[in-house]
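Visitor:
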Ligand code: ATP
Ligand code: MG
């Protein structure tokens, strides 16, 4: 025997029956996006490294230590497995001039890659669903995106997520604030941890995001960006809040919400829960009005969010939310080998009528096949025996307790197939 090979650490296989919850979730997402007129975009999993360095920012956790970057051995290109997808969506929009006739509402779904320490809610390959509205400047679109996420929570039956908001202002306001922050922290150097000292001059805003309990007082008393915001930024933020209030959406303003990517301005927000331990942010986003230009496009505003699929599904499981069962209508038992072709053809006709049918494979006697039929969870066994085969019929046996006629069986002709279809239809 050869030694076993395992999946890469922090990258998970997704197996049945858990995969059913993922499929259900994905179906809800598709419905959500259709309801808001967002259209699907699919970009490559690998992008030029420069795209992420330029967009996410040189001095961020992602670019400094989380990216899977490599040199293409065949042509020397510097490539990276995407750690997030906003940059790629923007790249694609610019490359294909998607905004030439106005704003676009787009959504994506797929795996992202970050070299982090694997733990609950934090993986090296994880999945995001994201929504991006490009080319729109107003707080109406910020509100739309936030309410969209709320609708998804409603569709999924999630109740334990709350909304946090902040306004990061515009670059010049941030610059003023940044200078004040640096001054402030320089006066308190002794109270900064190593990480924060390192960030003091490169990305002081990120110090506000520290989880270090010894620094909380210091950070709470730091100069606030909110105090640097001019009338326009404040109006945008007020506008968003008014729309959220009108929509009955509760929120808290969290002045320390800064987000880990450099491209945000004005609105940032997170949907958080207390039920997932340390990894409590299930969805995060904001405005990135400068990014399109930064990636080489004509300047245009934009806003979006991304949600962590693993965290949302974990939350669903916590809440005992069960996706609807995907039960089989029939399991075909082959008790007489020569009936195979007829059985297969019958199964095809049933599937064409929308029924879910598994045709037994792998041989075995009637008894072991009936066991498989029971274990499959199918509502009926369709038995093709010698008698049935000669008569052009099939025996339909009800398998499940909850069925009115569980255990009962009867024979039905294969032609026309409509009688058989009717007999397999769901009860009521
Ligand atoms: P965190 O603060 O938890 O590291 P982040 O700010 O790095 O999150 P974003 O880049 O905003 O996360 O990604 C959006 C969402 O994607 C997060 O809110 C989270 O739900 C999910 N996410 C991010 N990184 C991971 C990961 N390594 N594993 C699983 N989900 C993740
Ligand atoms: Mg992170």
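In full-length UniProt numbering, the protein residues as written are 1 to 428.
Every residue gets a Cβ at the ideal spot worked out from N, C-alpha and C, and that includes glycine.
Predicted model only: the values in this text are computed from it and were never measured.
Can you check whether the CB of residue 269 is closer than 9 Å to the CB of residue 250?
Guide: No, these two residues do not count as a Cβ contact at 9 Å.
Visitor: Go ahead and label residue 331 buried or exposed: buried means 16 or more other beta carbons lie within 10 angstroms of its beta carbon, across all protein chains shown.
Guide: So residue 331 counts as buried.
Visitor: Are the beta-carbon atoms of residue 260 and residue 272 separated by less than 9 Å?
Guide: In this structure, residue 272 does not lie closer than 9 Å to residue 260 by Cβ.
Visitor: Got a sec: does the ligand ATP put a non-hydrogen atom nearer than 8 Å to the Cβ of residue 62?
Guide: Correct: residue 62 has its Cβ closer than 8 Å to the ligand ATP.
Visitor: Would you check if the distance between the CB atom of residue 49 and the CB atom of residue 85 is smaller than 9 Å?
Guide: Contact: no.
Visitor: Roughly how many angstroms separate the alpha carbons of residue 354 and residue 421, rounded to a whole number?
Guide: Their Cα atoms are separated by approximately 10 Å.
Visitor: Among 78, 411, 400, which has the Cα closest to the Cα of residue 390?
Guide: Residue 390 has its Cα closest to that of 411, out of 78, 411, 400.
Visitor: In terms of DSSP beta bridges, what is residue 163 paired with?
Guide: Paired residue(s): 271.
Visitor: I need the straight-line Cα distance from residue 362 to residue 393, nearest angstrom please.
Guide: Answer to the nearest angstrom: the Cα atoms are 23 Å apart.
Visitor: According to DSSP, simplified to helix, strand and coil, what is residue 428?
Guide: Confidence in residue 428 is poor, its pLDDT being 39 and thus under 50, which makes the residue's placement too unreliable to answer from.
Visitor: Can you check whether the CB of residue 81 is closer than 9 Å to the CB of residue 134?
Guide: Taking 9 Å as the Cβ cut-off, residue 134 and residue 81 do not qualify as a contacting pair.
Visitor: Pop quiz: residue 203 and residue 59 are said to be a contact at Cβ under 8 Å. What is the actual Cβ separation, rounded to whole angstroms?
Guide: So it is a contact: roughly 4 Å between Cβ atoms.
Visitor: What does a CB cutoff of less than 7 Å around residue 63 pick up in its chain, not counting 5 residues either side in sequence?
Guide: Closer than 7 Å at Cβ, skipping near neighbours: 52, 53, 56, 57.
Visitor: Just to confirm my understanding: we take residue 343, look at its own chain, exclude 5 residues before and 5 after, and list those with CB closer than 7 Å. What are they?
Guide: Only 332, 334, 359, 384 meet the Cβ criterion.
Visitor: How big is the Cα-Cα spacing for residue 105 and residue 320?
Guide: So the alpha carbons of these two residues sit roughly 33 Å apart.
Visitor: Taking residue 169 and residue 225 to be in contact with their CB atoms under 8 Å, please state how far apart those CB atoms are, rounded to whole angstroms.
Guide: That pair is a contact at about 6 Å.
Visitor: What span of residues does the alpha helix (DSSP H) with residue 346 cover, start to end?
Guide: Where residue 346 is concerned, the enclosing alpha helix (DSSP H) stretches over 340-352.
Visitor: Looking only at its chain, what residues have a beta carbon closer than 7 Å to the beta carbon of residue 305, apart from the 5 residues adjacent to it on each side?
Guide: Closer than 7 Å at Cβ, skipping near neighbours: 130, 131, 145, 149, 283, 284, 285.
Visitor: Since residue 382 sits in a beta bridge, which residues does DSSP pair it with?
Guide: The partner list for residue 382 (beta bridge, DSSP) reads 332, 396.
Visitor: Where do the ends of the alpha helix (DSSP H) carrying residue 286 lie?
Guide: Where residue 286 is concerned, there is no enclosing alpha helix (DSSP H), although the beta strand (DSSP E) it sits in stretches over 281-287.
Visitor: Using the rule of at least 16 other Cβ atoms within 10 Å of the residue's Cβ for burial, across every protein chain shown, is residue 217 buried or exposed?
Guide: Under this definition residue 217 is an exposed residue.
Visitor: Ignore the nearest five residues each way along the sequence and tell me which others in residue 35's own chain have a CB closer than 8 Å to its CB.
Guide: Correct list, in chain order: 151.
Visitor: Span of the alpha helix (DSSP H) holding residue 242?
Guide: Start and end: 231-246.
Visitor: Pull up the distance between the alpha-carbon of residue 309 and that of residue 37, whole angstroms please.
Guide: If you take the alpha carbons of residue 309 and residue 37, they lie about 21 Å apart.
Visitor: How would you label residue 70, buried or exposed, when you count the other beta carbons within 10 angstroms and need 16 or more for buried?
Guide: By the 10 Å Cβ count, residue 70 comes out exposed.
Visitor: How close, in whole Å, do the beta carbons of residue 184 and residue 223 come, if the pair is a contact with beta carbons under 8 Å?
Guide: Contact holds; Cβ gap of about 6 Å.
Visitor: Pick helix, strand or coil for residue 108, following the three-state DSSP scheme.
Guide: Strand, per DSSP.
Visitor: Helix, strand or coil: which one does DSSP assign to residue 413?
Guide: If DSSP states are grouped into helix, strand and coil, residue 413 belongs with the strands.
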